[in-house]
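Q:
In this note's numbering, the protein residues as written are 31 to 372.
(1) Looking at the strands, I want to know which residues DSSP matches up with residue 294.
(2) Counting pairs of Cβ atoms below 8 Å between the region 37–50 and the region 152–168, do you hit three or more?
(3) Helix, strand or coil: which one does DSSP assign to residue 92?
(4) Do residue 178 and residue 69 count as a contact pair if the criterion is CB distance below 9 Å?
(5) Helix, strand or coil for residue 316? Go by DSSP, reduced to three states.
(6) Cα separation between residue 36 and residue 83?
(7) Of all the CB atoms in chain C, is at least one closer than 9 Å to the CB of residue 99?
(8) By Cβ distance below 6 Å, which residues in the same chain neighbour residue 341 in space, the five residues on each side in sequence not counted?
(9) Residue 359 bridges to which residues according to DSSP?
(10) Taking residue 63 as the reference, give the member of 146, 346, 105 with the closest Cα.
(11) Determine the extent of the alpha helix (DSSP H) in which residue 178 is found, giving its start and end residues.
(12) Ignore the nearest five residues each way along the sequence and tell me which others in residue 335's own chain have a CB closer than 8 Å to its CB.
(13) How about residue 235 and residue 246: are their beta carbons less than 9 Å apart?
(14) Could you work out which residue in 276, 173, 319 is closest to residue 32 when comparing CA atoms only?
(15) Taking C-beta to C-beta, are residue 171 and residue 218 nearer than 9 Å?
(16) Keeping to the same chain, check which residues put their C-beta closer than 6 Å to that of residue 195; ignore five residues upstream and five downstream.
(17) Within 10 angstroms of the Cβ of residue 251, are there 16 or more other Cβ atoms? Answer buried if so, exposed if not.
(18) Distance check for residue 115 and residue 99, CA to CA, integer angstroms please.
(19) State the DSSP-derived secondary structure class of residue 147, mapped to helix, strand or coil.
(20) Measure the C-alpha to C-alpha separation of residue 192 and residue 198 and round it to an integer number of angstroms.
(21) Within the region 72–120, note down every full alpha helix (DSSP H) run reaching 4 residues or more, in order along the chain.
(22) Over the uninterrupted alpha helix (DSSP H) stretch that includes residue 275, give me the two end residues.
(23) Is residue 19 buried or exposed, if buried means 16 or more other CB atoms sit within 10 Å of its CB?
(24) What residues in its chain sit with their C-beta under 6 Å from that of residue 109, if we drop five residues either side in the sequence?
(25) Would residue 182 and residue 175 qualify as a contact pair, given that the criterion is a beta-carbon distance under 9 Å?
(26) Three-state secondary structure (DSSP) at residue 231?
(27) Using 9 Å as the threshold, is the C-beta distance between residue 316 and residue 44 below it?
(28) Tell me which residue opens and which closes the beta strand (DSSP E) that residue 346 is part of.
(29) May I ask you to report which of helix, strand or coil DSSP gives residue 224?
(30) What's the C-alpha gap between residue 122 and residue 87?
(31) Give me the Cα-Cα distance between residue 307 and residue 128, rounded to the nearest whole angstrom.
(32) Starting from residue 250, follow the beta strand (DSSP E) in both directions and report where the run begins and ends.
(33) Consult DSSP for residue 32 and reduce its assignment to one of helix, strand or coil.
(34) Is residue 275 buried or exposed, if buried means 16 or more other CB atoms sit within 10 Å of its CB?
(35) Identify whether residue 202 lies in helix, strand or coil by the three-state DSSP scheme.
(36) Does DSSP put residue 237 in a helix, a strand or coil?
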């Protein structure tokens, strides 16, 4: 199994189930178009950054990568328009018959309700860019950490079977997957997506406790490497401990601080403060559902040669080891997730 190739489609389908509904998440044409846009988009951003900022509004019309990106967006528009036309036809038919107009509870409909002039393709592409690739990274890194600590397989499966078997596949049940939540938060602590998760501009002069003054208009960034500091997490701060945040939640008065979706100055995986990642609650539930399926249905281990994957800083990003490979085999699940009440 090649994580960078095989995990992304699964995350894309799960995310698209919410963004575009049951039909959209099975549309191979849309899935291909959105993936192609993301691939070309990241390359285009890197190329545009080599040009001075004041030239970018003009130079993008002549760069081949930008032209390819516009072509990918046209493909995405064409793919999504099929779903919009079908919905409009159903609504028109219902109105003509005097029947209730069907409602669709997904991001396409939400965007139209907020602004009828919005471009559905752009909305969906933006959601894909901000939600899918960061989620894929955390799923991949978590699978790697579990493979390196195989004792977690049994403990995590026991938790999934116990909690979901009693409560069903519900949001409240996902909250009770506290060991899984801890494993995810610890994985993110040791390998966040960004080395600099917060970039801000001072709106007024600020004097820090050590006497340093940040002047109005100055830009500052935070450094995520302090998440590996013994000052915050003890002598074993550089080591993976899947139960680290579970123990924190069990300590008196620290239940919220140990949750994956909680932010703090000590854990900046989702940023912090007013502008912390607003999609972290959705991402946490999505990843837990994926891991429930993976844990119950598959065994996996790091393939020979991939036993010690290394993440690499690349600018402000921390990139997972692209050479990582898993060996995966099907197993008989103890609990039928598809049959659970949701």
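Note that CB positions come from ideal geometry on N, CA and C, so glycine has one too.
A: Per the coordinate set shown:
(1) The partner list for residue 294 (beta bridge, DSSP) reads 297.
(2) A contact between stretches requires three or more CB pairs, one per stretch, nearer than 8 Å, and the region 37–50 meets this requirement with the region 152–168.
(3) Here residue 92 sits in coil by DSSP.
(4) Contact: no.
(5) If DSSP states are grouped into helix, strand and coil, residue 316 belongs with the helices.
(6) In a straight line, the C-alpha of residue 36 is about 36 Å away from that of residue 83.
(7) Of the protein chains in the structure, only one exists, and it is not chain C.
(8) Correct list, in chain order: 221, 348, 350.
(9) Per DSSP, the beta-bridge partners of residue 359 are 329.
(10) Minimum Cα distance to residue 63 is reached at 105.
(11) For residue 178, the uninterrupted alpha helix (DSSP H) segment begins and ends at 150–178.
(12) Shown here for residue 335: same chain residues with a beta carbon closer than 8 Å to its own, the five before and five after excluded, namely 353, 355 in chain order.
(13) In this structure, residue 246 lies closer than 9 Å to residue 235 by Cβ.
(14) Residue 32 has its Cα closest to that of 173, out of 276, 173, 319.
(15) With contacts defined as CB atoms closer than 9 Å, residue 171 and residue 218 qualify as a contacting pair.
(16) 365.
(17) With a 10 Å radius around the Cβ and a threshold of 16 neighbouring Cβ atoms, residue 251 comes out exposed.
(18) Approximately 24 Å between the Cα atoms of the pair.
(19) In this structure, DSSP gives residue 147 a state outside helix and strand, which the three-state scheme calls coil.
(20) If I take the Cα positions, the gap works out to 10 Å.
(21) Those alpha helix (DSSP H) runs which fall completely within the region 72–120 and span 4+ residues are 86–89.
(22) Run containing residue 275: 274–280, per the alpha helix (DSSP H) assignment.
(23) For the chain, the structure presents residues 31 to 372; residue 19 sits outside this window and is missing.
(24) Closer than 6 Å at Cβ, skipping near neighbours: 59, 60, 63.
(25) Yes, the Cβ-Cβ distance between residue 182 and residue 175 is below 9 Å.
(26) Three-state DSSP puts residue 231 in a strand.
(27) Taking the C-beta atoms as reference points, residue 44 is found nearer than 9 Å to residue 316.
(28) Residue 346 -> no beta strand (DSSP E), and no H or E assigned at all.
(29) Three-state DSSP puts residue 224 in a strand.
(30) Looking at the two C-alpha atoms, the distance is approximately 41 Å.
(31) Inter-residue distance for residue 307 and residue 128 is about 43 Å (C-alpha atoms, whole angstroms).
(32) Its beta strand (DSSP E) spans residues 249–251.
(33) In this structure, residue 32 counts as coil in the three-state DSSP scheme.
(34) Under this definition residue 275 is a buried residue.
(35) Reduced to three states, the DSSP call for residue 202 is helix.
(36) DSSP, reduced to helix, strand and coil, places residue 237 within a strand of the structure shown.
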